[in-house]
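Reading through the structure tokens given below for one structure.
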Amino acid sequence: ARELHLEIVRENHPEMTPRGDFDVLMLGSHDLDREWGIEEKSEWLSQMWEQSVRDYGSAEVVLQHARDLLDSVVEPTGRKPRPNDPDVDILTIPNDEHSIRLWPGSFTEALYCMDFIKKSTGQAVNVPKGFTLWLFPEPSAPWLQGSGPVQLISLERSFHIPPEKIHEGEEKFVLRDGMTCVLCRTGKRDVRFTVPRRERSQEAEYYDMDVLN
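Add 27 to a position in the sequence shown, counting from 1, and you land on the number used in this note's numbering.
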């Protein structure tokens with residue numbers, strides 16, 4: 028978790044120099060007003076520190092809590108990939124200026140992330156106008172119930188953020204390993220793709236039972 032938080036601090040708050048683990052945790056886990064400068068952010072950190080000391084009872088406990096959180100192991104989902112990330116898959120959309128970008132999220136939860144990028148620049152964009160994404164049944168077993176079609180919405184819209192309030196290039200979908208998806212585009216042919224499926228060492232066990240072969 029420490030490296031992830033430090034990366035967020037470097038990316039979103041390059042003007043700030045964290046004084047310790049508490050600053051790293053706070054700056055790396057809160058979406059602050061983008062208009063704030065050093066003075067506003069420093070004042071906010073001071074307020075958060077004072078509030079945390081009151082809540083936890085002492086500065087030592089607050090620092091230990093921040094240290095424990097930063098030293099924990101996390102599987103981040105939703106962070107945009109770094110340039111030239113080898114785990115990224117690019118799917119070219121025919122007759123369109125956009126491509127689909129897929130990258131892995133939590134392995135434990137079998138989560139995968141997706142967004143749209145410009146073919147010409149590789150820059151991420153929000154969901155283009157006229158695009159809708161759908162979960163479809165598995166093509167090899169379309170008769171199975173409960174697997175679609177269901178329209179999917181982005182992570183940001185699932186939190187009721189209006190499209191015009193989503194920062195350009197930040198919108199993303201959280202999918203599951205092995206999902207079959209269909210992208211519909213107004214006035215153009217639909218396209219189908221399958222989310223990569225990562226191999227697991229063993230099958231999931233629902234609970235202890237006898238298995239018939």
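Backbone N, C-alpha and C fix where the C-beta goes; we use that ideal spot for every residue, glycine too. Keep in mind that this is a model prediction, so the values were computed, not measured.
Candidates the options: which alpha carbon is nearest residue i's?
i: Asn122; options: Phe220, Arg227 and Arg216; result: Arg216
i: Cys211; options: Lys107, Gln178 and Arg227; result: Gln178
i: Tyr139; options: Pro131, Ile193 and Gly205; result: Pro131
i: Gly205; options: Lys68, Leu160 and Val222; result: Val222
i: Lys156; options: Pro190, Pro164 and Pro176; result: Pro190
i: Ile193; options: Gly149, Arg61, Pro110 and Asp82; result: Arg61
i: Pro195; options: Glu183, Arg203 and Met236; result: Correcting the residue identity first, residue 195 is Glu in this sequence and not Pro. That would be Glu183, whose Cα lies nearest to the Cα of Glu195.
i: Pro110; options: Gln150, Arg203, Ser126 and Pro176; result: Gln150
i: Leu59; options: Glu38, Asp112 and Phe186; result: Glu38
i: Thr119; options: Ser185, Lys145, Val238 and Arg106; result: Lys145
i: Trp76; options: Pro113, Thr159 and Arg46; result: Arg46
Would you decide whether residue i is buried or exposed? Buried here means 16 or more other CB atoms lie within 10 Å of its CB.
i: Ile117; result: exposed
i: Arg219; result: exposed
i: Val100; result: exposed
i: Thr44; result: exposed
i: Thr207; result: buried
i: Asn153; result: buried
i: Phe143; result: buried
i: Ile180; result: exposed
i: Glu70; result: exposed
i: Glu198; result: buried
i: Leu97; result: buried
In the DSSP assignment, the beta strand (DSSP E) including residue i goes from what residue to what residue?
i: Gln178; result: Val177 to Leu179
i: Ser56; result: First-last for Ser56: Asp48 to Ser56, but that is the alpha helix (DSSP H), not the beta strand (DSSP E).
i: Val218; result: Lys215 to Thr221
i: Leu210; result: Thr207 to Arg212
i: Leu202; result: Phe200 to Arg203
Please work out which residues of its chain come closer than 7 angstroms, Cβ to Cβ, to residue i, disregarding the five sequence neighbours upstream and downstream, and give them in chain order.
i: Ala93; result: Asp48, Phe49 and Leu52
i: Thr213; result: Gly157
Start and end of the alpha helix (DSSP H) containing residue i?
i: Trp71; result: Ile65 to Tyr83
i: Arg109; result: Unbroken run through Arg109: none, as it is neither H nor E.
i: Arg37; result: Arg29 to Asn39
i: Leu239; result: Element bounds for Leu239: n/a, residue is neither H nor E.
i: Leu182; result: Leu182 to Ser185
Within a Cβ cutoff of 8 angstroms, which residues of the same chain sit near residue i, ignoring the five residues on either side of it in sequence?
i: Phe134; result: Glu102 and Arg225
i: Thr104; result: Gly132, Ser133, Glu136, Leu138, Cys140 and Val201
i: Val115; result: Pro108, Arg128, Leu129 and Trp130
i: Gln235; result: Before going on, a small fix: residue 235 reads as Asp here, not Gln. Closer than 8 angstroms at the Cβ level, and outside the excluded window around Asp235, lies no residue.
i: Ser147; result: Glu124
Sorted by chain position, which residues of the same chain lie with C-beta nearer than 6 angstroms to residue i's C-beta, five sequence neighbours on each side aside?
i: Gly55; result: His32, Ile35 and Val36
i: Glu42; result: Ile65
i: Arg81; result: none
i: Ser73; result: none
i: Val89; result: Ser79, Val80 and Tyr83
i: Trp161; result: Pro176, Gln178 and Val209
Beta strand (DSSP E) segments (min. 3 residues) lying fully within the stretch 78-159: 116-119, 125-131 and 138-145
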